[in-house]
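Data block below; observations after.
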Amino acid sequence: MKRSILPLLCCPVCKGDLIVTVTEGDEEVIREGILHCPICRVDYPVEDGIPDLLPRAPSE
Ligand SMILES: [Zn+2]
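Each position in the sequence shown, counted from 1, maps to that position plus 44 in the numbering used here.
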């Protein structure tokens, strides 16, 4: 996924902003990482450049 689409992404549950943590990628592209919703306290993974924004249970 391109970093440029980050402002368009939001949490599917609360529609809040997501905090991105990139584990693999560069300034333009995110290949692996985590999109975290601080309101729901849920992590959404980015795998092979594809963000998985399906609603899920908190990781606690
Ligand atoms: Zn949320």
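Glycine included, C-beta positions come from ideal geometry on N, C-alpha and C.
A distance criterion of 7 angstroms places the beta-carbon of V64 beyond contact range of ligand 1, judged by its closest non-hydrogen atom.
A distance criterion of 7 angstroms places the beta-carbon of G93 beyond contact range of ligand 1, judged by its closest non-hydrogen atom.
In the DSSP assignment, the residues bridged to I74 are G69. Around ligand 1, the residues selected by a Cβ distance under 6 angstroms to any of its heavy atoms are C55, V57, C58, G60, C81, I83 and C84, following chain order.
The beta carbons of P82 and Y88 sit about 12 angstroms from each other, so the pair does not count as a contact at 8 angstroms.
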